[in-house]
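Peer 1: Just so you know, we're using the working numbering here: the sequence shown kicks off at 2 and counts up by one. Just so it is clear, CB atoms sit at the ideal spot from N, CA and C, and this is done for glycine as well. On a predicted model such as this, the values are computed, not experimentally measured, just so you know.
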Amino acid sequence: MNPIKSKTTLAILASAVGFLSACQPSSSGKKVDPSLIYEFEYNGCNTGAHGFKTLVDYCDALRSNELNKGCALDLRAQEYANRCESQQQAELNVTSFDEELDQSDDL
Numbered sequence: 002m003n004p005i006k007s008k009t010t011l012a013i014l015a016s017a018v019g020f021l022s023a024c025q026p027s028s029s030g031k032k033v034d035p036s037l038i039y040e041f042e043y044n045g046c047n048t049g050a051h052g053f054k055t056l057v058d059y060c061d062a063l064r065s066n067e068l069n070k071g072c073a074l075d076l077r078a079q080e081y082a083n084r085c086e087s088q089q090q091a092e093l094n095v096t097s098f099d100e101e102l103d104q105s106d107d108l
């Protein structure tokens, strides 16, 4: 392998490991879920990179203008619609189903 490619690959991997390590809370051994990392940029305004352990935290963060520096609102809204609304609907369906079961037990 070309030594320049090797160094570039190593630098990219080191950066990725550094980012994931920085996103981990110091008091917990749990790692960030790699599928729950985002960074959006629109018209030169960047949200910054954010990583999370749970989908709930990820979705809450997408809605936060403060955390995202007011950037990329449309991109964040689209990501929220794609990843979070379906999850919320599934949770509502389970809750509704559980409530129906509770009501049928009362009969």
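What does DSSP give as the partner residues of Asn83 in its beta bridges?
Peer 2: BP columns for Asn83 are empty, so no partner.
Peer 1: Between which two residues does the alpha helix (DSSP H) holding Cys60 run?
Peer 2: 56-63 is the extent of the alpha helix (DSSP H) around Cys60.
Peer 1: Please classify Gly49: is it buried, with 16 or more other beta-carbons within 10 angstroms of its beta-carbon, or exposed?
Peer 2: Gly49 should be labelled exposed.
Peer 1: Measure the alpha-carbon distance for Ser28 versus Arg64 and round it to whole angstroms.
Peer 2: Reliability of the predicted coordinates at Ser28 is poor, the pLDDT of 36 falling under 50, and the value obtained from them is presented with this limitation in mind. If I take the Cα positions, the gap works out to 25 Å.
Peer 1: Just confirm the distance between the C-beta atoms of Gln88 and Leu37, as a whole number of angstroms; I'd bet it's less than 8 Å.
Peer 2: Not a contact, Cβ separation roughly 12 Å.
Peer 1: Alpha carbons only, please: which of Tyr39, Asp34, Asn69 is nearest the one belonging to Lys54?
Peer 2: Among Tyr39, Asp34, Asn69, the Cα nearest to that of Lys54 belongs to Asp34.
Peer 1: Among Ala78, Asn83, Cys60, Cys85, which one has its Cα closest to the Cα of His51?
Peer 2: The shortest Cα separation from His51 among Ala78, Asn83, Cys60, Cys85 belongs to Cys60.
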